[in-house]
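K.L.:
Numbering (my numbering), first residue to last: 1231 to 1842.
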């Protein structure tokens, strides 16, 4: 009922407008109906301009009052009214908002030069070529008008001409902007100024109003024209932010609100189209934007190819991602579903581990130092390892997170990715605390992921007292702690000083088994006690080392103050008393000093004989 009232209102208003410019003193001899709206007109002005109306009139010559219905006229009654005004010679302005409609309706009514000079078709063609195609904003406005005129506007090549004009104009703007940014440095070399970096990208905001199918064709044309990937990426980000944030009903984790299927389909089309348009170059778009697209793709159930493409792109630059990026919510509403989408993150990690960096490394001198931890790929591994450990710590408290899935994420990276296992130990400790029902076998399997030798001193001290760990893991921790303490004691004393003797009463770790005479709990208590005793002994040795260093400093200070000849005299007296170079009272001695003295005497005698 509302549509009928609206159509009647539109018909009345159109009739009133027609009465303002149609000849009132000449009776109407033709009635044209367009979309339910009638126009009482005259044959002569219409026939002289329109080939279609001329044929319709010729088919009904005998009827004095002709009634014609025009079906599927582009632009509807509004565009036909403008065409009729043109036939009556009434002036009106052709603009970017009506030129597409006039161009299409002139083709529909066959208003060409064959029937009249300077007809509507040639007038709109001239305006489109000389005015619209010279201005980027007008091209965008015409593309907006073409959305309701498809496919005729595409067949008449209005769309393709506007797209080519926009792509050419954007490319020319970037070239001009690049030249304006060129300046000479202090050394006389040309370089790009960072100021006015985006002056040539002012068109990005304008393109966000175009429909997605036309926008796809436009971005493809820009790529072919050579527009910078950064500019295309910025346009994609701007377009996605406007299109994907319109419908808040999509974010519906509770499931109580009914989601609009039409808007969901549109959002799904937008995500898949933008993913297909992403530049192949890395860092052309922010990685946070890629994660946002991935969340939308998972939420909207986009195609598998779309999601795999995003995962591959993210995996190639995962080392610059943050923890908030990879915390992708799970949009499955099953009872046993996890809070976060762990499967997607695992696939991203697999992509990161399997990526081929050979092409990039060939351009870098570090390709010859692939084993060095400072190479770019190794640095990326270190960053991602820290990211993964933090991610595991975040998802560990989830009660629905299975042990196999947790271990699969932890094992995705190679062993050399983690130089320190503190983060992994923290994540596993959180998982053990949240899943106290794990069996001993599962705990052993989980703790095998940790290399206790790579724990820091603080983490090792915590692990040695962590009752959630299995006994075997605690024994390993204490063993490596003792090795560390022993190495520290060995490094704390010079070789000539007697080394401290540490008594191990019940230590059986070297053999790989615990004492059979003691229970595991007693063994554990004994190991902890010995560990504390070793720590106390190490503290005493360090204090003694500090005292020795102080005495050494005092001796050096006294040596500097004393005169050199007095020092040498006292030194020679002490050496004489020691009889290092003199004859020993004991016979048959074969000390090194005596042998060296005899050797020197023989050499002196041979030298004197040769001189004589």
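A virtual CB, placed ideally from N, CA and C, is assigned to each residue, including glycine.
Computed from a predicted structure; not experimentally measured.
Any chance the segment 1545-1552 sits against the segment 1502-1511, with 3 or more Cβ pairs inside 8 Å?
P.N.:
Fewer than three beta-carbon pairs drawn from the segment 1545-1552 and the segment 1502-1511 are found closer than 8 Å, and the two stretches are therefore not classed as touching.
K.L.:
Any Cβ of chain D within less than 9 Å of the Cβ of residue 1638?
P.N.:
Considering every chain present, this structure includes no chain D. It has just one protein chain.
K.L.:
Is residue 1651 buried or exposed, if buried means 16 or more other CB atoms sit within 10 Å of its CB?
P.N.:
Along the chain shown, one-based indexing puts residue 1651 at 421. Its Cβ being crowded by 16 or more others within 10 Å, residue 1651 is buried.
K.L.:
Return the chain-ordered list of same chain residues with a C-beta closer than 7 Å to the C-beta of residue 1576, the five sequence neighbours on each side being excluded.
P.N.:
Translated into the one-based positions of the chain shown, residue 1576 becomes position 346. Excluding positions up to five away in sequence, the list reads 1638, 1639, 1642.
K.L.:
Take residue 1499 as the anchor and find which of 1281, 1533, 1456 has the nearest alpha-carbon.
P.N.:
Start at 1 with the first residue of the chain shown, and residue 1499 comes out as number 269. The option with the nearest alpha carbon to residue 1499 is 1533.
K.L.:
Quick test of your reading: residue 1569 and residue 1659, contact by CB under 8 Å. State the CB separation rounded to the nearest angstrom.
P.N.:
Taking the chain shown and counting its residues from 1, the one referred to as residue 1569 is at position 339. Taking the chain shown and counting its residues from 1, the one referred to as residue 1659 is at position 429. Actually they do not touch by this definition, with Cβ atoms about 19 Å apart.
K.L.:
When you compare the CB positions of residue 1472 and residue 1433, do they come within less than 9 Å of one another, or not?
P.N.:
Residue 1472 sits at position 242 when you count from the first residue of the chain shown. Residue 1433 sits at position 203 when you count from the first residue of the chain shown. Their beta carbons are not under 9 Å apart, which means residue 1472 does not touch residue 1433 by this criterion.
K.L.:
Within 8 Å, do at least three Cβ pairs link the segment 1448-1468 to the segment 1384-1402?
P.N.:
yes
K.L.:
Between the alpha carbons of residue 1274 and residue 1331, how many angstroms are there, rounded?
P.N.:
Here residue 1274 refers to the residue found at position 44 of the chain shown. Here residue 1331 refers to the residue found at position 101 of the chain shown. One C-alpha to the other measures close to 24 Å.
K.L.:
Do you know offhand how far residue 1291's Cα is from residue 1297's?
P.N.:
In the chain shown, the residue the question calls residue 1291 occupies position 61. In the chain shown, the residue the question calls residue 1297 occupies position 67. Approximately 12 Å, taken between the alpha carbons.
K.L.:
So, are the CB atoms of residue 1287 and residue 1260 less than 9 Å apart?
P.N.:
Within the chain shown, residue 1287 is the residue found at index 57, counting from 1. Within the chain shown, residue 1260 is the residue found at index 30, counting from 1. A contact, by the Cβ cut-off of 9 Å.
K.L.:
From this set, 1376, 1370, 1388, 1373, which residue's C-alpha is nearest residue 1359's C-alpha?
P.N.:
Counting from one through the chain shown, the residue named residue 1359 turns up at place 129. Out of 1376, 1370, 1388, 1373, 1388 has the C-alpha closest to the C-alpha of residue 1359.
K.L.:
Could you give the DSSP three-state label for residue 1514: helix, strand or coil?
P.N.:
The residue given as residue 1514 occupies position 284 in the chain shown. The answer is coil: DSSP assigns residue 1514 none of H, G, I, E or B.
K.L.:
Measuring CB to CB, does residue 1281 end up less than 9 Å from residue 1344?
P.N.:
Here residue 1281 corresponds to residue number 51 of the chain shown, with the count starting at 1. Here residue 1344 corresponds to residue number 114 of the chain shown, with the count starting at 1. For residue 1281 and residue 1344, yes; Cβs fall inside 9 Å.
K.L.:
Compute the Euclidean distance between the alpha carbons of residue 1309 and residue 1269, then round it to the nearest angstrom.
P.N.:
Within the chain shown, the letter at position 79 stands for residue 1309. Within the chain shown, the letter at position 39 stands for residue 1269. For residue 1309 and residue 1269, the distance between alpha carbons rounds to 13 Å.
K.L.:
Applying the 10 Å Cβ sphere with the 16-neighbour rule, what's the burial state of residue 1852?
P.N.:
This structure cannot settle anything about residue 1852, because the visible part of the chain is limited to 1231 through 1842.
K.L.:
In chain order, what residues of the same chain have a beta carbon less than 6 Å from the beta carbon of residue 1377, not counting five sequence neighbours either side?
P.N.:
Within the chain shown, numbered from 1, the residue matching residue 1377 stands at position 147. Excluding residues within five positions, the ones whose Cβ falls inside 6 Å are 1441.
K.L.:
Is the separation between the beta-carbon of residue 1375 and that of residue 1329 shorter than 9 Å?
P.N.:
Along the chain shown, read from residue 1 onward, the residue named residue 1375 stands at position 145. Along the chain shown, read from residue 1 onward, the residue named residue 1329 stands at position 99. Their beta carbons are under 9 Å apart, which means residue 1375 touches residue 1329 by this criterion.
K.L.:
From which residue to which residue does the beta strand (DSSP E) around residue 1262 run?
P.N.:
Mapped onto the chain shown, residue 1262 falls at position 32. 1260-1264 is the span of the beta strand (DSSP E), which, as asked, contains residue 1262.
K.L.:
Quick check on residue 1391: does DSSP put it in helix, strand or coil?
P.N.:
Taking the first residue of the chain shown as 1, we reach residue 1391 at position 161. Collapsing the DSSP output to three states places residue 1391 in a helix.
K.L.:
Sorted by chain position, which residues of the same chain lie with C-beta nearer than 8 Å to residue 1707's C-beta, five sequence neighbours on each side aside?
P.N.:
Position 477 of the chain shown holds residue 1707. So the list reads 1682, 1685, 1690, 1693, 1694, 1699, once near-sequence residues are dropped.
K.L.:
For residue 1622 versus residue 1654, is the C-beta spacing smaller than 9 Å?
P.N.:
As a working note, residue 1622 is residue 392 in the chain shown. As a working note, residue 1654 is residue 424 in the chain shown. Result yes, Cβ atoms of residue 1622 and residue 1654 sit closer than 9 Å.
K.L.:
Starting from residue 1298, trace the alpha helix (DSSP H) in both directions and tell me its first and last residue.
P.N.:
Numbered from its first residue, the chain shown carries residue 1298 at position 68. Residue 1298 -> not in any alpha helix (DSSP H); beta strand (DSSP E) instead, spanning 1296-1300.
K.L.:
Can you tell me whether residue 1320 is buried or exposed, with buried defined as 16 or more other CB within 10 angstroms of its CB?
P.N.:
As a working note, residue 1320 is residue 90 in the chain shown. Per the 10 Å Cβ criterion, exposed.
K.L.:
At the level of alpha carbons, what is the spacing between residue 1313 and residue 1350?
P.N.:
Here residue 1313 refers to the residue found at position 83 when the chain shown is read from its first residue. Here residue 1350 refers to the residue found at position 120 when the chain shown is read from its first residue. Straight-line Cα distance between these residues: approximately 8 Å.
K.L.:
How big is the Cα-Cα spacing for residue 1340 and residue 1556?
P.N.:
As a position in the chain shown, residue 1340 is number 110, starting the count at 1. As a position in the chain shown, residue 1556 is number 326, starting the count at 1. Going from the Cα of residue 1340 to the Cα of residue 1556 covers about 59 Å.
K.L.:
Report the partner residues of residue 1568 according to the DSSP bridge assignment.
P.N.:
Stepping through the chain shown from its first residue, residue 1568 is reached at position 338. Note: residue 1568 sits in no beta bridge, so no partner.
K.L.:
For residue 1272, collect the residues of the same chain with a Cβ closer than 7 Å to its Cβ; drop the 5 residues on either side in sequence, then sort them by chain order.
P.N.:
Within the chain shown, the letter at position 42 stands for residue 1272. Same-chain partners within the cutoff: 1253, 1256, 1258, 1259, 1260.
K.L.:
For residue 1668, does the three-state DSSP call read helix, strand or coil?
P.N.:
Taking the first residue of the chain shown as 1, we reach residue 1668 at position 438. Three-state DSSP puts residue 1668 in coil, outside helix and strand.
K.L.:
Residue 1730 to residue 1670, Cα distance in whole Å?
P.N.:
Taking the first residue of the chain shown as 1, we reach residue 1730 at position 500. Taking the first residue of the chain shown as 1, we reach residue 1670 at position 440. Legend: pLDDT at residue 1730 = 45, less than 50; position of this residue unreliable, value from coordinates given subsequently. Distance between the alpha carbons of residue 1730 and residue 1670: 39 Å.
K.L.:
Using the Cβ count rule (16 or more neighbours within 10 Å means buried), how would you classify residue 1367?
P.N.:
Here the question's residue 1367 lines up with position 137 in the chain shown. Burial check for residue 1367: the Cβ neighbour count within 10 Å stays below 16, so the residue is exposed.
K.L.:
Identify every residue that forms a DSSP beta bridge with residue 1269.
P.N.:
Numbered from its first residue, the chain shown carries residue 1269 at position 39. 1262.
K.L.:
Looking at residue 1470 and residue 1501, is the spacing between their C-beta atoms short of 9 Å?
P.N.:
If you number the chain shown from 1, residue 1501 lands on position 271. If you number the chain shown from 1, residue 1470 lands on position 240. Between residue 1501 and residue 1470, the CB-CB gap stays under 9 Å.
K.L.:
What number of angstroms, rounded off, separates the C-alpha of residue 1559 from the C-alpha of residue 1710?
P.N.:
Here residue 1559 corresponds to residue number 329 of the chain shown, with the count starting at 1. Here residue 1710 corresponds to residue number 480 of the chain shown, with the count starting at 1. CA-to-CA, the gap between residue 1559 and residue 1710 works out to about 39 Å.
K.L.:
How about residue 1521 and residue 1545: are their beta carbons less than 9 Å apart?
P.N.:
For the purposes of this step, residue 1521 is taken as residue 291 along the chain shown, with counting starting at 1. For the purposes of this step, residue 1545 is taken as residue 315 along the chain shown, with counting starting at 1. Result no, Cβ atoms of residue 1521 and residue 1545 do not sit closer than 9 Å.
K.L.:
Hey, residue 1404 and residue 1353 are a contact pair by Cβ (cut 8 Å); roughly how many whole angstroms apart?
P.N.:
Counting from 1 along the chain shown, the entry for residue 1404 is found at position 174. Counting from 1 along the chain shown, the entry for residue 1353 is found at position 123. Contact flag wrong, Cβ pair sits at about 34 Å.
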